[in-house]
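This report concerns only the one structure given below.
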Amino acid sequence: MGWVTPHAGSCHIGGGEPFLKQDQLLAVCTLAREYGIHIEYIETNGSWNIKEEKTLQLLRKLLSVGVGCLLISVDPFHNEYVPYQKQKSLISLCRKVGMETFVWPGNFGSDLSMLDTSVPHRIEEYDAFFGGNYKVDATRSYGLNCNGRAISLCRDAYELHPFDQLVGAISPCTPLVSTGHCHLDLYGHYIPPICTGFVIDMEDLDAPISPEKYPALTAAYEGGMKGLYQYARELGFEPSRSTYVNRCDLCFDIKRYLCREHPTADIGYPSYFEQSDYDQN
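Each residue of the sequence shown is one higher than the one before, starting from 0 at the first, in numbering that gives the first Met the number 0.
Shown next as structure tokens:
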């Protein structure tokens, strides 16, 4: 499992794909119920839905431990790996046992139905079928945040801005000061809303954040993008390109450098920054 998102006595469970380890998932849901934590939904791409009876059995077990809803990811990007038919079947099986569902983002089902739903399809197949640049249209329609693997998609879909223009921003990054939504990972880290790449140890959340332990996070909080850039520049950072989609794109570049060359407790997940296509766009 990847993360748990707490919110006023409730949470949702996401990934990765939580259903890859079904026994552990059931154990987590059972513990949540014992501690009075309501699970609003579990996110899934439906790839695990292979045998109908086994899926029904698992859904009934989830219902028995208080899980009443699945968020099912349905879009062309997941469809590169997961046949749409698996997701349609999962929706139907959920209805059969009384498990609620909602499809996210909810606006691609008709497009995916135009091609063979029994097999995956690369995004280029949608380009060929619909004409134009389907990948760009889908990226804009989805409203992807410019982080991680989505950065390469965002660069194709949105206007690029000069590095000098973005690095001048001194206002704090809004997600760093937001408390309405956050993620907790399986390693005991707090992840600020949307701002993936930064982490804080759970044990440090009930006290002021230490600038010594969390220097990059402190620089971004106190000085915005300009503060983070100045901190990284003193450690040898040079931008890898002259233009970026937005501050998140530039921030990813900075944190990627810091993770590789000057890792600290606030820069998490080396694998997250190892994006093979990051420098190719």
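C-beta: ideal position from N, C-alpha, C; glycine also.
| Check | Outcome |
| --- | --- |
| Among 210, 10 and 185, whose alpha-carbon lies nearest the alpha-carbon of residue 38? | 10 |
| Can you give me the C-alpha to C-alpha distance between residue 148 and residue 211, rounded to a whole angstrom? | 30 Å |
| Between residue 192 and residue 242, what straight-line distance do the alpha-carbon atoms span, to the nearest angstrom? | 25 Å |
| From the DSSP output, which residues share a beta bridge with residue 197? | 266 |
| Can we say the region 76-94 touches the region 106-125, given the rule of at least three CB pairs closer than 8 Å? | yes |
| Pull up the distance between the alpha-carbon of residue 0 and that of residue 87, whole angstroms please. | Reliability of the predicted coordinates at residue 0 is poor, the pLDDT of 42 falling under 50, and the value obtained from them is presented with this limitation in mind. In a straight line, the C-alpha of residue 0 is about 23 Å away from that of residue 87. |
| Mind listing, in chain order, the continuous alpha helix (DSSP H) runs of no fewer than 4 residues lying wholly within the region 51-108? | 51-63 and 83-96 |
| Tell me whether residue 110 sits in a helix, a strand or coil according to DSSP, three-state version. | helix |
| Secondary structure at residue 161, three-state DSSP: helix, strand or coil? | strand |
| To which residues of the same chain is residue 268 closer than 6 Å at the C-beta, ignoring the five residues directly before and after it? | none |
| Check this for me: beta carbons of residue 42 and residue 70, under 7 Å apart or not? | yes |
| Using the Cβ count rule (16 or more neighbours within 10 Å means buried), how would you classify residue 18? | buried |
| Please list, in chain order, all residues of the same chain as residue 227 whose beta carbon is under 8 Å from its beta carbon, the five residues on each side excluded. | 215, 218, 219, 250 and 253 |
| For residue 237, collect the residues of the same chain with a Cβ closer than 7 Å to its Cβ; drop the 5 residues on either side in sequence, then sort them by chain order. | none |
| Just to confirm, is the Cβ distance from residue 89 to residue 146 under 7 Å? | no |
| If the criterion is Cβ atoms closer than 7 Å, does the pair residue 156 and residue 223 meet it? | no |
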